[in-house]
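Chains as they are written, first to last, in our numbering: chain A, 169 to 492; chain B, 169 to 492; chain C, 21 to 394; chain D, 21 to 394.
In this text, a Cβ means the ideal position worked out from N, Cα and C, and glycines have one as well.
Bear in mind that the values here come from a model prediction, so they are computed numbers and not experimental data.
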Amino acid sequence: MSTTTLAQAINRGLHDAMGADDRVLMFGEDVGALGGVFRVTDRLQEAYGSDRVYDTPLAESGILGTAIGLAMYGMRPVCEMQFDGFAYPAFEQFTSHLAKMRNRSRGRVTLPVTVRIPFGGGIGAVEHHSESPETYWAHTAGLKVVSPATVADGYAMTRAAIAADDPIVVLEPKRRYWMKDDVDLPVTTEPLHKAVVRRPGDDVTVVAYGPMVRTAMEAAAAGEDEGWSLEVIDLRSLSPIDTDTLVASVQKTGRMIVVHEAAQTLGIGSEIAARVQQEAFYHLEAPILRATGFDTPYPPAMLESFFLPDVDRILDRVEESLSY
Amino acid sequence: MSTTTLAQAINRGLHDAMGADDRVLMFGEDVGALGGVFRVTDRLQEAYGSDRVYDTPLAESGILGTAIGLAMYGMRPVCEMQFDGFAYPAFEQFTSHLAKMRNRSRGRVTLPVTVRIPFGGGIGAVEHHSESPETYWAHTAGLKVVSPATVADGYAMTRAAIAADDPIVVLEPKRRYWMKDDVDLPVTTEPLHKAVVRRPGDDVTVVAYGPMVRTAMEAAAAGEDEGWSLEVIDLRSLSPIDTDTLVASVQKTGRMIVVHEAAQTLGIGSEIAARVQQEAFYHLEAPILRATGFDTPYPPAMLESFFLPDVDRILDRVEESLSY
Amino acid sequence: MGERSSRADPPDPNDLLPPPEPVHLLDPDGTLHEDPDHPVDLDDDQLRLLYRHMVVTRRVDREAINLQRQGQLGVYASLLGQEAAQVGGAFALAEQDWVFPSYRELGAAVTRGVDTGKLLHLFRGTWLSDHDPYEHQFALYAIPIGTQALHATGFAMGARLDDNPIVTMAYFGDGATSEGDPHEAMTFAGVFKAPVVFFVQNNQWAISVPLDRQTAAPTLAHKAVGYGMPGYHCDGNDVLATYAVTRRAVERARSGEGPAFIEALTYRMEAHTTSDDPTRYRTKEEEEEAGKTDPIARYRRFLTNEGLLDDDVEEQVEAEAKAEATRMRDEIYEAPHGDPMELFEHVYVDDTGHFERQKVQLAAELAAAGEVEG
Amino acid sequence: MGERSSRADPPDPNDLLPPPEPVHLLDPDGTLHEDPDHPVDLDDDQLRLLYRHMVVTRRVDREAINLQRQGQLGVYASLLGQEAAQVGGAFALAEQDWVFPSYRELGAAVTRGVDTGKLLHLFRGTWLSDHDPYEHQFALYAIPIGTQALHATGFAMGARLDDNPIVTMAYFGDGATSEGDPHEAMTFAGVFKAPVVFFVQNNQWAISVPLDRQTAAPTLAHKAVGYGMPGYHCDGNDVLATYAVTRRAVERARSGEGPAFIEALTYRMEAHTTSDDPTRYRTKEEEEEAGKTDPIARYRRFLTNEGLLDDDVEEQVEAEAKAEATRMRDEIYEAPHGDPMELFEHVYVDDTGHFERQKVQLAAELAAAGEVEG
Ligand SMILES: Cc1ncc(C[n+]2csc(CCOP(=O)(O)OP(=O)(O)O)c2C)c(N)n1
Ligand SMILES: Cc1ncc(C[n+]2csc(CCOP(=O)(O)OP(=O)(O)O)c2C)c(N)n1
Ligand SMILES: [Mg+2]
Ligand SMILES: [Mg+2]
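Pasting the structure below:
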């Protein structure tokens, strides 16, 4: 077994995807010589040349709009939005074209575009570099949204997203880029849109994705001391959501906490709560609770720890849930 | 009493707001000589001149971005995005500046900007002219989002939004522009961010907003024949959401249906379900159900009636709710 | 650093700036002024074909307006007056080249051979669009203004990577030049030397907004230098000038010299769409004045002077126009109402079962409705 | 229609195109070339003040880099090498004029008299920004590239409506010229004749991306004609040339003649930010070559030649630089950790109670944490 970071695993996934299919292109801001501001595209240009791995002008709508044109031509573009907070200029191309072109064309035009976006907080960054905008894409019919939480998924989900023919937004948990694990690459994991139980438990189900999966696992470990048995589910796919796995778990535990960094109102937790309270109504012993960011803009670096869900916030909700 | 349409009421609201404060400006695409594609700005330019009511270049980010600059200078801009589906180019200015500038500036910069957007379907339009993008703004901390459903609110909420110092997105239910009612203008109604019970009932609470309020009222009337007493709540404010009024109602009825045209996943209904199942857990006799659009792009005109919630879809959910 | 120019081998602006006057070959009376820089390399059949396309286009356009009046189309955006700009531009493309249209490009569609009935389904609302883009290299109509310019640019970048001699042409309007997307498209095209031609029909209006509300530039063609590409302009009501100018730009792009920008000066004779009311923002006089330069009348005079247009040809063209208009009308009239379940069919290649519950719901609603009716 | 130009009285492009060479007044050895079109209307004190601002700026900049190394700032974006461009540009503004900066405008801030300690709080993360924009007419740093160009334009439109003689200046970079927002800003500014000056520091790089990846244009200044505004360029390492060119543009705007675009040619001597590693994308040679045109050294030679810089003045300036750097460092070091409850304080003027539950939650979390610590 060799030790790999999440960033290395994604980098290897991109590398292997480009090796497997020469129609795969990688482009964005600073993804070439620099290898990306997080080095996730490190050495790809060296390996595949500047025709297939290239820096673009500083224009996100241009990046996504040309990706759509490239896909119509027959390429399989993988493009990067440098940070969560900088994907917004491309929003019209996301919602009006990337998401809708296939439906509009009655299935004649398919856009196998992968959009990589480092997302989430916890790295002490300046404003706009720590956001969790998943709702914007997950609410948009026609897009798929996934987020790897483990090193293995960093590789496998990147490969699966690029191999898929639907447009997929891959949200990379930037604060976990340096997270290490022993995995031999290449590796394959569960299907792209399936949720996975990372830790089985009986008392309360804790649902998380991306950067919060690790936090949820830590909460589960800490919960043991309190005598709580927490089941941790890694959602993996934010659109579509694997409701069945969530319902199956809550049918066992009767209690559920959803964890995410994004603002609470209309965050992924709201949809999960709405679905699970409906499909497991008679199994719920407590309302579904949310351990999330606040309904405020992302705070400055020195205050982000008070905004972000942590072990304590998760366990507070667990305790609240158990109090019903 | 005089008969007024919703469009006329909003137009009068804009007219009176401009008369009351000469820092109020109205601009957008085709809002001047044409009076807007729906005539909502009809004659405003005649009344207040082309310095205060003007057509802009065809650029939505430009419209909103200059509105922000005008507000910083001291104006009270009211700008129009011509259709729901055409507000997306301005998304970065919405999320990164309009929503965040006040917080970023520690309260030093306040942006009293009102953004009017005709939204929703049911008018047999071509693509992009029938969308319900409220989630994008309601999820964005720092923005407020409201939608008038009655002729009186068309006037009063327009005035209240322009008078407020926070940035507010006003979603105008375009298919109801020609809806008539007998109201003497000017009129004032409930506070901008309060939900209102439009029809009291005992069996099931039906929550709707904008274009769906009228549909919900029709469903309530039809429900009578079935012997169902439906309480209809007009949400009015989508951000913030008046949770208390919703909870109070469900504490009485024990059952709730949320209605909206927007796609179900991460629509406003998801947040309402998440909150109400938490705050009224022991009062719920059935899960909160949703009568909404599907998780697909908005369909072509000839199929929109199958996408949009109607009386039958609402009553189906009512019946389902009562079956618990 | 400060001293030296900011780029290695900057182009000479004089090669990129438009000539003082738009290229113009045909006088209103049909007289042709030869111009060595803009040769009209067309044989008699091709010259007649240009006429045919314009006449067919106008006829189908009028039919579409009628269909809207008859309630068969929800709305329609007429190109009346822009036939020469659209046909002349599209005629300069090779078979393998691609057109990325806005929502008003009937003339370009006719020139490409697109089935106009299928094309206009989106105005009826049978579906969001219904022609196959890959059949005649004619992309879907793009309604969000200017967005298609990026698709044309990306497509051209792909072709270039493949050494595939395809040129793409993005049609958009004077109003669209204000949006960010065409700006980013031209920026990318210039930087990557993409074989794309940005073809702007300056029809003077963006719904009710006149050109001087879109830009303070001397002409739209002056925008090109800012992207390092040549800016051309032509009399867009002169089909031969438009053809010749576009032809040059297209072959230049094909030969690897990069993108170009064309401003075709024309006029939107009709309302913006059938829902629009131009009397609110422009005068009858302006419209009549503009009508005098009707592109088809002018070209007919030219063909007649040249002895290329006898009664047989006129009849033949008339017949083809009638046939196409009828085909279009029948297609629209006979359009099936559509299957509501299709809402779920094309959203994803693989919906991974996400739609199951909603499909069941809609199916039940349809069944219930069926019972009520039946 | 086709024939006539598309606008009533189009400007003459020759009035808008940049001169062949960037304006340049000071040689590297400090010799001044007078230029009647670009008079340097400054008295001795003002000439010394320019020097003072550049020296103070560089000193505070270096201090900020140190603070980042010491872990007091999370990240910092140095303007090393761009002092002349920023100071020269901002010095051309009147007291009531407004600056809309990006995130690298320390020199403009110093020139405006902004407290650099408060300005740099956003890099520490004490708060998202912490100076009062209305105190020195200096807007908040804008991190989303190019977005501030629209705010500058809107602000200028407001001032014009009010007949208020304010000019706004939007600072942005070469990379920003590719974004849609500056395009829309220049479009609006041209159409509404807004008194705004678009001041581009072409420092050759956008993080790791060189200028030729941003545009194929002859120069950035050639973009202006496409918006109907004059495009100027100057040696951005020549503080007098930058001042003179900007001064002309600012007063032109103030007099109602509309917006202008300025390209100041300079070089980003430091890494993009303290997190960046330039060795991955540019050579030491390039950096050394660029270093030779250091803007401060050059201007010092000029002042010395003119006998405007004796030891007293140097000492005085050094003292002021040290004082400001110390003030900044102390402000950062002594910055309070901040009250977490402030998260809810400024989001809305009136939060209508929306935050109650979340405030209670955070308060409880803080109390619990307090107990654990205490
Ligand atoms: C992004 C966007 N904003 C607004 C609209 C509404 N709209 C449709 S056509 C139009 C005017 C377009 O003018 P122009 O680009 O000159 O093209 P023309 O209609 O004259 O052919 C507008 C504002 C739209 N379709 N897309
Ligand atoms: C919309 C947006 N996209 C991407 C970024 C990330 N980013 C920060 S600075 C920068 C380069 C800016 O280059 P330039 O405009 O030349 O300004 P400079 O940094 O050289 O002063 C990029 C890509 C951003 N801040 N905003
Ligand atoms: Mg037009
Ligand atoms: Mg730069």
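With respect to 7 Å, is the separation between the Cβ of residue i and the closest non-hydrogen atom of ligand 4 below this value?
i      : result
D:A226 : yes
D:G195 : yes
D:N223 : yes
Ordered along the chain, which non-local residues of its own chain (more than five positions away) have a Cβ less than 8 Å from that of residue i?
i     : result
C:G22 : Residue placement at C:G22 cannot be trusted, given a pLDDT of 36 that sits under 50; what the coordinates show is reported in the next sentence. The answer is none, since no qualifying residue turns up.
Can you round the beta-carbon distance between residue i and residue j to whole angstroms, since I take them to be within the 8 Å contact cut?
i      : j      : result
A:G310 : C:V369 : The pair is not a contact, with the Cβ atoms about 11 Å apart (cut-off 8 Å).
B:G435 : B:T460 : 5 Å
C:T293 : C:G108 : 24 Å between Cβ atoms; not a contact.
C:T167 : A:S264 : 7 Å
D:D194 : D:L231 : 5 Å
B:S246 : B:M325 : Note that residue 246 of chain B corresponds to Val in the displayed sequence, not to Ser. Actually they do not touch by this definition, with Cβ atoms about 13 Å apart.
Going by DSSP, what residue range makes up the alpha helix (DSSP H) through residue i?
i      : result
B:K420 : 411 to 421
D:Q234 : Unbroken run through D:Q234: none, as it is neither H nor E.
D:P315 : 315 to 325
C:G108 : 103 to 111
Leaving aside the five residues before and after residue i along the sequence, list all residues of the same chain whose C-beta is less than 7 Å from its C-beta, in chain order.
i      : result
D:I316 : M74, V75, R78, E103
C:V245 : P33, L36, L37, G251
D:T262 : A104, A105, G108, G109, C254, G256, A284
A:Q261 : S229, L232, G233, I236
Considering only heavy atoms of ligand 3, does any lie closer than 7 Å to the CB of residue i?
i      : result
C:N86  : no
C:P288 : Going by the sequence as given, residue 288 of chain C is Arg instead of Pro. Checking every heavy atom of ligand 3 against the Cβ of C:R288, one is found closer than 7 Å.
C:N257 : no
Within the same chain, show all residues whose beta-carbon is closer than 6 Å to that of residue i, passing over the 5 residues directly before and after it, in chain order.
i      : result
A:K348 : T171, T173
A:R366 : V400, D402
B:P341 : G288, G378, P379
D:E290 : S98, L100
B:A320 : V351, V355, T357
D:V60  : L260, A264
B:T413 : A363
Locate the beta strand (DSSP E) running through residue i, then write down its first and last residues.
i      : result
A:E394 : Premise fails: A:E394 is in no beta strand (DSSP E) and is neither H nor E.
A:G196 : 192 to 196
B:S407 : 405 to 407
D:F281 : 280 to 285
A:H183 : Note, A:H183: premise wrong, no beta strand (DSSP E); alpha helix (DSSP H) at 174 to 188.
A:R207 : Unbroken run through A:R207: none, as it is neither H nor E.
Is residue i near ligand 2, in the sense that its beta carbon is under 7 Å from a heavy atom of that ligand?
i      : result
D:F192 : yes
A:L226 : yes
Regarding residue i and ligand 1, is the C-beta to nearest heavy atom distance less than 7 Å?
i      : result
C:R124 : yes
C:I163 : yes
D:P356 : no
B:P286 : no
C:H292 : yes
Practice item. Give, in chain order, every unbroken run of the alpha helix (DSSP H) that is at least 4 residues long and sits entirely within the segment 129 to 208 of chain D. Key: You should have 136 to 144, 153 to 156, 168 to 181.
Check your understanding: Which residue spans inside the segment 219 to 277 of chain B form an unbroken alpha helix (DSSP H) run of at least 4?
Key -> Within the segment 219 to 277 of chain B, the complete alpha helix (DSSP H) runs of at least 4 residues are 228 to 241, 269 to 272.
Review point. Whole alpha helix (DSSP H) runs in the segment 305 to 353 of chain B with 4 or more residues, listed along the chain?
Key: 319 to 331, all fully within the segment 305 to 353 of chain B.
Point to revise | Sequence ranges, alpha helix (DSSP H) only - wholly within the segment 48 to 107 of chain C, length at least 4 | key: Along the length of the segment 48 to 107 of chain C, whole alpha helix (DSSP H) runs at least 4 residues long occupy 64 to 89, reported in chain order.
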